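Have a look at the structure below before the remarks.
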Amino acid sequence: MSENKNQNTQHSGPKLNDQMIIRREKLDKIRALGVEPYGQKFEWDHHAADIRKESEQLEKDETHVRIAGRIMIRRGQGKTAFCVLRDQTGDIQVYFKRDELPENEWALFKLVDIGDILGIEGTVFTTHTGELTVRVLHFTMLSKSLRPLPEKWHGLTDKEQRYRQRYLDLIMNPEVRETFVKRAAMMSAIRKWYTDHGFLEVETPVLQPLYGGANAKPFTTHFNALDMTMYLRIAPELYLKRLLVGGYERIFEITRNFRNEGMDTRHNPEFTAIETYQAYGDIEDVINQTEQIVAACAMASYGSMKFTYEDTEIDVTPPWPRLTMAEAVKKYTGEDFDACQTIEDARAIADKLHVEYGEYDGFGKILSECFDAYVEEHLIQPVHITKHPIEVSPLSKLDPKDPRYTIRFESYIYGRELANGFSELNDPIDQRKRFELQVEERKHGDDEAHPIDEDFLTALEYGMPPTGGLGIGLDRLFMLMTNSASIRDVLLFPAMKPETALEKKTAQEAERLAKEADDEPIDFSKVEIEPLFKDYVDFDTFSKSDFRAVKVKACEAVPKSKKLLKFTLDDGTGEDRIILSGIHAYYEPEELVGKTLIAIVNLPPRKMMGINSCGMLLSAIHKEEGEEKLHLLMVDRHIPAGAKLY
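Here the sequence shown is numbered in this note's numbering, starting from 1 and rising by one per residue.
So, in structure tokens, the structure goes:
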């Protein structure tokens, strides 16, 4: 016995606590009873939900039921005990009594812990308190849990750990499991709608020799057998269009796409989308598809076209209203891009609205940036935004009435882009020109611009019919339909930085701080600083500035901005403060979380990229060998949030 005990308690991983050691010791005691603690197949015939549904008949007939699941609660001692067993359909109470179990099984029950998985046979009865219960006549151990479950998992505020250990999240929180049941139901409803309407489901390559179909950074890998660089697909579009050339008329693919970009509440580097193509169709067909698919998902999830997302009632009943992109910008800013005659006119609007643009950005990119900054947040109820500029729409047909625009739409709900579709460009000569325009964009610094795909152009030259194409980001749709605040809430295993990497980073930070504490000499001989101001600021004006210590609760890159980081700060008031800062060139968002910074908190809010920035973080700027350097002012973490600087 001592040999087995030593064997079970030896552990090469993290240090075992007392409970974990005790559970390992129980393995030997269970085996001593002639029971294998990790059992074989168990033939169950009921779930907890089945017993609740059929309870009256089961109790009347004294039917023997066989159930399996995890023990979540255990109470009672002596000769009787009540437990709660949880399976994928919910919880059911089970009753163990010494006089009703074989002696060996009662001895086994005394070794059962919360978290163990059991197979149970028994009869259904109702206790004097009205609780539906299974009286256990026989049971067996199917899996011994060597780690205790969290006692208050539901109340934990560390969402990162819940995502990282999703299995525990699913065990402890039935509502999380329900989210993914709804996701599966919506996926099934989408497939049914398309197959019912004559669409063929197809599959296209994930590994591609040339990425395309969207403007995004790819993941790169190497194919050893062919000694060539390959890319994980950012979209399946160009392959699906090849199938249209080949003669298929209605096709769709539910696809996993990969984009090597940032992570935030609405972005994960791998995500699920659907792309559909209807030959001999146009934008009207895919707008109708969008409305029907969203309606089908609402019915699958809620049984209604109306639902609540973050305390706002959303009504997805078709048809949805439409605005052109220029009309939407005019509605929310008063500025009329349709009236622009030159690029200078567009730049003047952007300057007036404090919207960033590049030296080589044309009319369309500037319009698109202004839309992102000022319009998206207002699009709460479903709406289609039409007539997108040609510069940001390389694969859609031109608007014959105004060649600055294309026959394209995006659908928005709750300020978020949900769908993207258009009348597909099938002119191979025009398509080549669009690709060449994208190449120029890449030369001018747009590393997300679309590359030229010669094989796709060759396919187009054989002839592709007029087509309506659609892409829907399913994860965002499922967020809406499950009232989930983050995309990670609807992904079973979202992308996470490994804990070992986090630990390494923490150790590196500690080492850096230790070096600084040793007064390591720093060479400032090549540093240039801006001359001091000679003009005085009167004391009364200066004293009105409210400088406070703030703690960084969260930090993320602002979508479609190469400079801005969005900080969620604890300023000591109990309410989150949002400040945007153009320092992405100097810091990655994750390295700033947990830091204590200094901010001016009584500046008037300033809208940047459509987000109100309430204050200013202080930085120190200098030049070194002609290059600008920036350092955020970080202070001792012992300083509490909200502490005022004097």
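Just so it is clear, CB atoms sit at the ideal spot from N, CA and C, and this is done for glycine as well.
Please read these numbers as outputs of a predicted model, since none were measured by experiment.
Close CB contacts of Arg66 within its chain, under the 8 Å cut and outside five residues either way in sequence, are with Phe42, Glu43, Trp44, Asp45, His46, Gly119, Ile120, Glu121 (chain order). In this structure, DSSP gives His378 a helical state, which the three-state scheme calls helix.
Judged by beta-carbon spacing, Ile583 lies within the 8 Å limit of Ser619, meaning their Cβ atoms are closer than that value. In the DSSP assignment, Tyr309 falls outside any alpha helix (DSSP H) and lies within the beta strand (DSSP E) extending over 306-309.
The Cβ-Cβ distance between Glu275 and Glu253 falls below 8 Å. DSSP places Phe422 in the uninterrupted beta strand (DSSP E) bounded by 416-423. Rounded to whole angstroms, the Cβ separation of Ala235 and Gly213 is 3 Å, and the two are in contact under 8 Å. By the neighbour-count criterion, in which a residue is buried when 16 or more other Cβ atoms sit within 10 angstroms of its Cβ, Gln19 is exposed.
Per DSSP, the beta-bridge partners of Cys555 are Phe567. In the structure shown, Tyr462 falls within a coil segment according to DSSP collapsed to helix, strand and coil. Taking all protein chains in view, the Cβ of Tyr462 is surrounded by fewer than 16 other Cβ atoms within 10 Å, so the residue is classified as exposed. By the CB criterion at 8 Å, Thr333 and Tyr374 fall inside the cutoff. Secondary structure of Leu137 (DSSP, three-state): strand. Within the segment 17-92, the runs of alpha helix (DSSP H) that reach at least 4 residues and sit entirely inside it are, in chain order, 18-32, 48-53, 55-61. Bridge pairing for Tyr231: Gln208, Thr220 [DSSP]. Less than 8 Å divides the Cβ of Leu27 from the Cβ of Lys144. Assignment of Leu146 by DSSP, reduced to helix, strand and coil, places it in the coil class.
When the five nearest sequence neighbours on each side are left out, the beta carbons in the same chain lying within less than 6 Å of the beta carbon of Ser486 are those of Thr265, in order along the chain. Cβ contact annotation for Ser613 (same chain, cutoff 7 Å, sequence separation greater than five): Ile578, Ile579, Leu580, Pro605, Arg606, in chain order.
The alpha-carbon of Tyr38 is positioned some 30 Å away from that of Pro494. A straight line joining the alpha-carbon of Phe271 with that of Ile472 spans about 11 Å. According to the DSSP assignment, Thr333 belongs to no beta strand (DSSP E) but to the alpha helix (DSSP H) extending over 325-333. The residues Met325, His388, Pro389, Glu391, Val392, in chain order, have a CB closer than 8 Å to that of Ser368 in the same chain once the five nearest residues on each side in sequence are set aside. From the listed residues Ile366, Phe435, Gly642, the smallest Cα separation to Ser561 is found for Ile366. Annotation for Tyr412: Leu379, Val383 place their beta carbon closer than 6 Å to its own, counting only its chain and skipping 5 residues before and after. The beta carbon of Leu101 sits closer than 8 Å to the beta carbons of Phe109, Val136, Leu137, His138, Phe139 from its chain, once the five residues preceding and following it are set aside; these are given in chain order. Around the beta-carbon of Gly626, fewer than 16 other beta-carbon atoms lie within 10 Å, marking it exposed.
The three-state secondary structure of Val94, taken from DSSP, is strand. In the three-state reduction of the DSSP assignment, Leu244 falls in the helix class, which pools H, G and I. Note: Glu528 is bridge-paired with Lys623 in the DSSP secondary-structure output. Separation of Tyr167 and Gly246 (C-alpha to C-alpha, rounded to the nearest whole angstrom) is 44 Å. Membership of Asp540 in any beta strand (DSSP E) is not indicated; the residue belongs instead to the alpha helix (DSSP H) covering 539-543.
The C-beta separation of Met186 from Ala300 comes to about 5 Å, placing the pair in contact by the 8 Å criterion. Of the candidates Phe258, Ala339, Leu353, Asp113, Ala339 places its Cα closest to the Cα of Arg404. When DSSP states are grouped into helix, strand and coil, Thr482 belongs to the coil group. Put simply, of Lys79, Leu592, Asn104, Val84 the residue whose alpha carbon is nearest the alpha carbon of Lys97 is Lys79.
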